[in-house]
Amino acid sequence: MTEMQRGRAKYVIGPDGSPLTVADLPPSDTKRWVIRRKAEVVAAVRGGLLSLEEACQRYTLTVEEFLSWQASIDRHGLAGLRTTRIQQYRA
191 MTEMQRGRAK
201 YVIGPDGSPL
211 TVADLPPSDT
221 KRWVIRRKAE
231 VVAAVRGGLL
241 SLEEACQRYT
251 LTVEEFLSWQ
261 ASIDRHGLAG
271 LRTTRIQQYR
281 A
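Under this note's numbering, think of the first position of the sequence shown as 191, with each following residue one higher.
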């Protein structure tokens with residue numbers, strides 16, 4: 191699934207099934223977090239492209255915010271990352 195380079199993945203499979211590298215990740219100054227961008231960051235951390243700490247620092251996220259994205263994907267798939275329908279997915 192991934193090629194490793196010095197203990198770190200060179201690429202992971204993104205949410206759309208295509209290879210995802212560090213260069214393909216959203217810019218560090220991203221302000222508008224759409225479903226695809228959130229899913230790419232989660233895939234990068236899960237696949238070892240970025241560590242949790244690196245992702246949180248790069249995107250100015252809290253660990254809790256990142257973990258909520260991850261939990262939403264686990265529970266509801268990509269649709270769980272929608273902010274417009276958040277009431278339908280949260281208990």
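C-beta atoms are modelled at their ideal positions from N, C-alpha and C, and glycine is treated no differently.
Chain-order list of residues whose beta-carbon lies under 7 angstroms from that of residue i (same chain, five-residue window excluded)
i, result
"V232", "W259, Q260 and I263"
"L271", "I225, K228, A229, W259, S262 and I263"
"D214", "none"
"Y249", "S218, T220 and V231"
Outcome for residue i when other beta-carbon atoms lying within 10 angstroms are tallied against a minimum of 16
i, result
"V253", "exposed"
"G207", "exposed"
"G269", "Sequence check: residue 269 is Ala here, not Gly. With fewer than 16 Cβ atoms within 10 Å of its Cβ, A269 is classed as exposed."
Residues bridged to residue i [DSSP beta-bridge criterion]
i, result
"L210", "V202"
Cut-off 8 angstroms between Cβ atoms - residues of its own chain near residue i, not counting five sequence neighbours on either side
i, result
"M191", "Note that M191 has pLDDT 45, beneath the 50 cutoff, so the model's placement of it is unreliable and no number is given."
"F256", "V231, V232, V235, L242, A245 and C246"
"P209", "Y201, V202 and I203"
Nonlocal neighbours in the same chain, by C-beta distance under 6 angstroms from residue i, ignoring five residues either side
i, result
"T211", "Y201"
"P216", "R227"
Beta strand (DSSP E) runs contained entirely in the stretch 231 to 280, provided each spans 3 or more residues: You should have found no qualifying run.
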